[in-house]
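*Asks:* Remember, this note's numbering sits 1021 above the position in the sequence shown when you count from 1. In this text, a Cβ means the ideal position worked out from N, Cα and C, and glycines have one as well.
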Amino acid sequence: MAVPELWAGTDAGKAEHHCVVIDTAGRRKLSRRVANDETALLKLIADVLALSEGEPVAWAIDLNAGGAALMIALLTDNGQQVLYIPGRTVHHASGSYRGDGKTDAKDAFVIADQARMRRDLQVMHRGDDIAVDLRILTSRRLDLAADRTRAINRLRAQMLEYFPALERAFDYKTSKAALTLLTQYQTPAALRRIGKNRLATWLKNRKVRNHQLVATTAIEAAEAQHTAVAGEKLAAVVVAKLTREVMALDEEIAETDDLIEGRFRDHPHAEVILSMPGIGPVLGAEFIAHTGGDMSVFGTADRLAGVAGLAPVPKDSGRISGNMRRPRRYCRRLLRVFYMSAMVAARHCPVSKAFYERKRAEGKGHKQAIIALARRRLNVLWALIRDGRGFETIAPEPPVALG
């Protein structure tokens, strides 16, 4: 692309953006507040292009989603180069510009000037429809999982106040049978009244597996407590409501997982990604969501590793050298994809298990070995996507005994 003659920096907001345009000498050519509205944004783009008199314009913005999504879409649809400058970078750069105050106009100028001087900024592209859909779905799933965890924690805390024996009898995070039980029976007296046999029948009618064991465990907890704690009745009502909330969240999470898998399998890299041991549809969808599914954007596997927080950066000073640390800025969701999949692969994939055990034998701790494995798997996945082929598990040969 030709060298730009104008740089347009945009400080993005929810309702309004502020745009400042500068030339090659850093002189302001335009400063305007504009509504986050299609008509107003198209007018701004047209005015800036008219100002450039046919010469290239480089646009820079401090958000890559949210309130800036419409502007980014309009710019990319009109063939404009859009650079992304993280808000943290703008904040630190602002300190080197004149004036202590903070205004949208100043931030927009800083964004434009940084785009003019720097050559390491990421060029933004219009999001792939599948990647955008998966980002929406995986973010929703993350919210649902967090809501479920909070509801279970509240459920257990409430039970602990009036029926501790039943609270510790089951793992409510994983036991659907225990949740089914709590929809109807939440107190020691109620469980004793129904008895073990009738409770087992009630659970069986609701298709609870191991209904006899669940009934026995619940009745044993009820027999261990004959004291009614103050507030028990109201607490039981709250527990029942929280239980129904958790079960409703489980249903919505299952529905979201189906949507994620269906949309993920539409992506051309889906089969290659799924061939990697430890990566299922949800983790694969998160990988596509946070990379866009286009590896050419990163250029190299090392660059992708840096974005994922798996490539250490030096922290040397004076006579101290070779001191490496994890970068402060990286995509935690992308790191989660490789870390979680490495955890699974270290147990079930012969190749990954051998690599993990070799790192442990070298003296690395569990977490260090998993991170090393995650970095190795990132390189492998990069190569598989580049070559368009699936992962082939080849069990490592046992060492040959000497002598």
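1. By the 10 Å Cβ neighbour count, where 16 or more other Cβ atoms means buried, how is Lys-1380 classified, buried or exposed?
2. Residue ranges of each beta strand (DSSP E) run of no fewer than 3 residues wholly in the segment 1106-1182, ordered along the chain?
3. Could you check what DSSP says for Trp-1403 in three-state terms: helix, strand or coil?
4. With DSSP collapsed to three states, give me the class of Ala-1029.
5. In whole angstroms, what is the alpha-carbon distance linking Asp-1068 and Gly-1087?
6. Count the other CB atoms, across all protein chains shown, that sit within 10 Å of the CB of Met-1180; report buried if there are 16 or more and exposed otherwise.
7. From this set, Ile-1215, Arg-1156, Gly-1120 and Leu-1027, which residue's C-alpha is nearest Leu-1070's C-alpha?
8. Have a look at Lys-1228, Ala-1243 and Lys-1225 and flag the residue whose alpha-carbon is nearest the alpha-carbon of Gly-1216.
9. Report back the beta-carbon spacing between Trp-1403 and Leu-1325 to the nearest angstrom; my notes put them in contact at under 8 Å.
10. Can you name the start and end residues of the beta strand (DSSP E) that Arg-1053 belongs to?
11. Where does Ile-1215 fall in DSSP's three states?
12. Could you have a look at Gln-1207 and say whether DSSP puts it in helix, strand or coil?
13. Alpha carbons only, please: which of Ser-1117, Ser-1073, Leu-1142 and Ala-1114 is nearest the one belonging to Val-1318?
14. For Arg-1350, I'd like the list of residues in its chain whose CB is within less than 8 Å of its CB, leaving aside the five on either flank, ordered along the chain.
15. Mind checking which residues open and close the beta strand (DSSP E) that includes His-1037?
16. Does the Cβ of Thr-1159 have 16 or more other Cβ atoms within 10 Å, making it buried, or fewer, making it exposed?
17. Out of Ser-1115, His-1039 and Asp-1154, which has the shortest C-alpha to C-alpha gap to His-1311?
18. Which stretch, first to last residue, makes up the alpha helix (DSSP H) that contains Val-1250?
19. Within this structure, are the beta carbons of Ser-1362 and Ile-1300 separated by less than 9 Å?
20. For Val-1372, which three-state DSSP category applies?
21. Determine the contact status of Gly-1305 and Ala-1152, defining contact as a CB-CB distance below 9 Å.
22. Using DSSP bridges, identify the partner residues of Ile-972.
23. Please work out which residues of its chain come closer than 8 Å, Cβ to Cβ, to Ile-1391, disregarding the five sequence neighbours upstream and downstream, and give them in chain order.
24. Can you have a look at Ser-1289 and say buried or exposed, based on whether 16 or more other CB atoms are within 10 angstroms of its CB?
25. Mind checking which residues open and close the alpha helix (DSSP H) that includes Thr-1312?
26. I'd like to know whether the C-beta atoms of Leu-1220 and Ala-1261 end up nearer to each other than 9 Å.
27. Taking Cβ to Cβ, would you say Val-1267 is nearer than 9 Å to Tyr-1183?
28. Thinking C-alpha only, which one of Leu-1165, Lys-1228, Ala-1236 and Arg-1156 is nearest Phe-1191?
29. Would the beta-carbon of Asp-1323 be found less than 8 Å away from any heavy atom of the ligand SAH?
30. Kindly indicate which three-state DSSP category Gly-1386 falls into: helix, strand or coil?
31. Would you kindly work out how many angstroms separate the C-alpha atoms of Gly-1424 and Glu-1188, rounded to a whole number?
32. Have a look at Ala-1166 and Leu-1200 and give me their C-alpha separation to the nearest angstrom.
33. Which one of Glu-1074, Lys-1064, Thr-1277 and Ile-1093 has the shortest CA to CA distance from Asp-1032?
34. Specify, as a first and last residue, the run of the alpha helix (DSSP H) that Val-1328 falls within.
35. In chain order, what residues of the same chain lie with their CB nearer than 6 Å to the CB of Ile-1082, ignoring the 5 residues before and after it?
36. Taking the Cβ atom as the reference point for each residue, do Ala-1079 and Asn-1057 lie within a distance shorter than 9 Å?
*Replies:* Inspection of the coordinates gives the following:
1. Buried, by the Cβ-count rule.
2. Counting whole runs of 3 or more residues, the segment 1106-1182 contains the beta strand (DSSP E) stretches 1143-1145.
3. Residue state for Trp-1403 is assigned as helix, using DSSP reduced to three classes.
4. DSSP, read as helix, strand or coil, puts Ala-1029 in strand.
5. Going from the Cα of Asp-1068 to the Cα of Gly-1087 covers about 24 Å.
6. By the neighbour-count rule (16 or more Cβ atoms within 10 Å), Met-1180 is buried.
7. Its Cα nearest to that of Leu-1070, the residue Leu-1027 stands out among Ile-1215, Arg-1156, Gly-1120 and Leu-1027.
8. Checking every option, the nearest Cα to that of Gly-1216 belongs to Ala-1243.
9. In this structure, Trp-1403 and Leu-1325 form a Cβ contact; the two beta carbons are roughly 6 Å apart against a cut-off of 8 Å.
10. Residue range 1049-1056 is occupied by the beta strand (DSSP E) that includes Arg-1053.
11. Collapsing the DSSP output to three states places Ile-1215 in a helix.
12. Gln-1207 carries a coil assignment under DSSP once its states are collapsed to helix, strand and coil.
13. Of the listed residues, the one whose Cα sits closest to Val-1318 is Leu-1142.
14. Pro-1107 and Arg-1109, listed in sequence order.
15. Per the sequence shown, residue 1037 should be read as Glu rather than His. 1037-1044 is the span of the beta strand (DSSP E), which, as asked, contains Glu-1037.
16. Around the CB of Thr-1159, 16 or more other CB atoms lie within 10 Å, so the residue is classed as buried.
17. Ranking the options by Cα distance to His-1311, first place goes to Asp-1154.
18. Premise fails: Val-1250 is in no alpha helix (DSSP H) and is neither H nor E.
19. Yes, these two residues count as a Cβ contact at 9 Å.
20. Reduced to three states, the DSSP call for Val-1372 is helix.
21. No, these two residues do not count as a Cβ contact at 9 Å.
22. Residue 972 cannot be examined here, being either before or after the span of the chain that is shown, 1022 to 1424.
23. Excluding sequence neighbours, Ile-1391 sits near Tyr-1360, Ala-1363, Met-1364, Ala-1367 and Tyr-1377.
24. Residue 1289 is actually Pro in this sequence, not Ser. Around the beta carbon of Pro-1289, fewer than 16 other beta carbons lie within 10 angstroms, which makes this residue exposed.
25. Start and end: 1302-1312.
26. In this structure, Ala-1261 does not lie closer than 9 Å to Leu-1220 by Cβ.
27. Cβ distance not < 9 Å, so Val-1267 and Tyr-1183 don't count as in contact.
28. Residue Ala-1236 is the option with its Cα nearest to Phe-1191.
29. Inclusion of the ligand SAH in the displayed structure is not the case, the ligand content being empty and no account of it being possible.
30. In the structure shown, Gly-1386 sits in coil (DSSP, three-state: anything other than H, G, I, E or B).
31. Summary for Gly-1424: the model assigns pLDDT 45, below 50, so the residue's position carries little reliability, and this model does not support an answer.
32. Those two C-alpha atoms are separated by around 16 Å.
33. The option with the nearest alpha carbon to Asp-1032 is Ile-1093.
34. For Val-1328, the enclosing alpha helix (DSSP H) stretches over residues 1322-1328.
35. Thr-1031, Ala-1033 and Ala-1089, listed in sequence order.
36. Contact flag unset, no.
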